[in-house]
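Each residue of the sequence shown is one higher than the one before, starting from 4 at the first, in my numbering. Read through the structure below, which is laid out as structure tokens, and then see the notes.
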Amino acid sequence: SNQVKNVATPTDDQDAATKNYVDSNINSFSGSYNDLTDTPTMYTQAQVDELINNLRDELGNQIDNDGDGFSEDGGDCNDNNSNIYPGANEIANNGIDEDCNGSDLEETPSIDYGGKYWAIINADHDTYRDGTPIPQVTGNTEWSNLTTGAWRYVDPNNQSLGRFYNYYAIKGVHDNDASTPDKEFAPSGWHVPTDEEWTSLESAIGGSPGSKMASNSGWVSGAGAGNNQENNNSSGFNGKPYGYISAGGSHDGWGQFAIFWTYTAGTIDFTYTGNEAIYRYIYYDNDNLIRNHWDKKFGFSVRLIKD
């Protein structure tokens, strides 16, 4: 039978290359190459080069070159810069897309409190992370009967003020089928802070944080956020006194409360029935960041924290 003998290292595109030569090149890369038993036992130099280049490109996209935890295949839009990766803190209008979302604009402005970036505006979206709609529910009776996620405008006549969400939305409960996985409420790179993360925020701001976290207008006059409110918001958190939606669907507490869900279900005592979740609030007549629990049907504002 015909055999190829004494084949030197190929140098020209049309030179023949043995299977052993090709295998030795492939084995110099980390990774694997599929079974070669159905392929020819002889290759041209051009075929070898093409194969090696394809392998190099494929493997290179899976390697985290800059050590930020993301490869090109993992969404890193600049794998030579460790400050650029999905979920990175975006510096607006500097010509660099730090968080790889296709925009140089910081869509959710945030501040670093104790090493964690917190949004300084309320969540205001109407879909879960995967695009599934979160229903708008405006009727009080319908709201009071909900056991799935929903939202309502703070003010239907001024939609720029944002939305309230019930706790079911926070947990991603999008239907009443217990076998269906819950959705993610927050956009990619963010999550709803737990009760413990709110405690860390309180410590980072320090002192009696109520007025430090409150907006500097809109409060009823009182001893907390409502006292000399023009001096509020030294932290930049800017909690607005929009009140809340009660379990019965009514809008109450305007000018008195800025209330935010935590991600933590439960109570602050030992009375948990399965229907409560923990929240934090700023109050017009108290200068603390107050911790309490209420029925999951209530509608509160939501702040997000970066992963």
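Using N, Cα and C, we set each Cβ at its ideal position, and we do this for glycine too. Every value quoted in this text rests on a predicted model; they were computed, and no experiment measured them.
Just to confirm the assignment, what range does the beta strand (DSSP E) spanning residue i have?
| i | result |
| --- | --- |
| I114 | S113 to Y116 |
| K119 | K119 to A122 |
| Y286 | E279 to Y286 |
| Y156 | W154 to Y156 |
Let's see if you can read the secondary structure: which residues bound the alpha helix (DSSP H) around residue i?
| i | result |
| --- | --- |
| Y266 | Per DSSP, Y266 belongs to no alpha helix (DSSP H); it is in the beta strand (DSSP E), F260 to A268. |
| Y245 | Note, Y245: premise wrong, no alpha helix (DSSP H); not H, not E. |
| N143 | N143 to S147 |
| Y168 | Y168 -> not in any alpha helix (DSSP H); beta strand (DSSP E) instead, spanning R166 to N169. |
| T203 | This sequence places Ser at residue 203; Thr is not what is there. It spans D198 to I208 - the alpha helix (DSSP H) in which S203 sits, taken as one unbroken run. |
Going by DSSP in three states, residue i sits in which element: helix, strand or coil?
| i | result |
| --- | --- |
| A91 | coil |
| K215 | helix |
| T130 | strand |
| N57 | helix |
| Q65 | coil |
| D298 | strand |
| Y36 | Interpretation of Y36 is limited by its pLDDT of 46, a score under 50 that renders its predicted location unreliable; no figure is taken from the coordinates. |
| S163 | helix |
| D76 | coil |
| N234 | helix |
| I173 | helix |
| D52 | helix |
Take residue i and list the residues in its own chain whose beta-carbon comes closer than 8 Å to its own, dropping the five residues that flank it on each side.
| i | result |
| --- | --- |
| G67 | Inspection of the sequence shows that residue 67 is occupied by Asp rather than by Gly. F73, S74, G77, D79 and D82. |
| S35 | Bear in mind that the predicted position of S35 carries a pLDDT of just 45, short of 50, making it unreliable; the figure below should be weighed with that in mind. So the list is empty, once near-sequence residues are dropped. |
| Y120 | N92, S113, I114, I308 and K309 |
| G175 | Y131, G152, D185, K186, E187 and F188 |
Beta carbon of residue i, beta carbon of residue j: below 8 Å?
| i | j | result |
| --- | --- | --- |
| D178 | T151 | yes |
| N230 | S218 | no |
| S304 | I248 | no |
| Y266 | P196 | yes |
| A2 | A172 | With the chain represented from 4 up to 310, any question about residue 2 goes unanswered, as that position is not in the structure. |
| G209 | I123 | no |
Starting from the C-beta of residue i, find all residues in its chain whose C-beta is less than 6 Å away, skip the five residues before and the five after it, and write them out in chain order.
| i | result |
| --- | --- |
| G227 | G213, Y286, Y287, D288, N289 and D290 |
| W146 | V140 and G252 |
| W257 | G246 |
| Y284 | F260, I262 and I293 |
Quickly, what does DSSP pair residue i with across the bridge? List them, please.
| i | result |
| --- | --- |
| W222 | Note: W222 sits in no beta bridge, so no partner. |
| N291 | For N291, which the question treats as bridged, DSSP gives no partner whatsoever. |
| S304 | F263 |
| H366 | Residue 366 lies beyond the stretch modelled for the chain, which goes from 4 to 310, so this question has no answer here. |
| D100 | Answer is none; D100 lacks a bridge partner. |
| H194 | I308 |
| Q139 | W154 |
Might you give, ordered along the chain, the residues of its own chain that have their beta carbon closer than 7 Å to the beta carbon of residue i, omitting 5 neighbours on each side?
| i | result |
| --- | --- |
| D127 | G165 and R166 |
| T130 | P136 and I137 |
| D255 | G246, Y247 and S249 |
| V157 | L164, G165, R166, F167 and Y245 |
| E61 | none |
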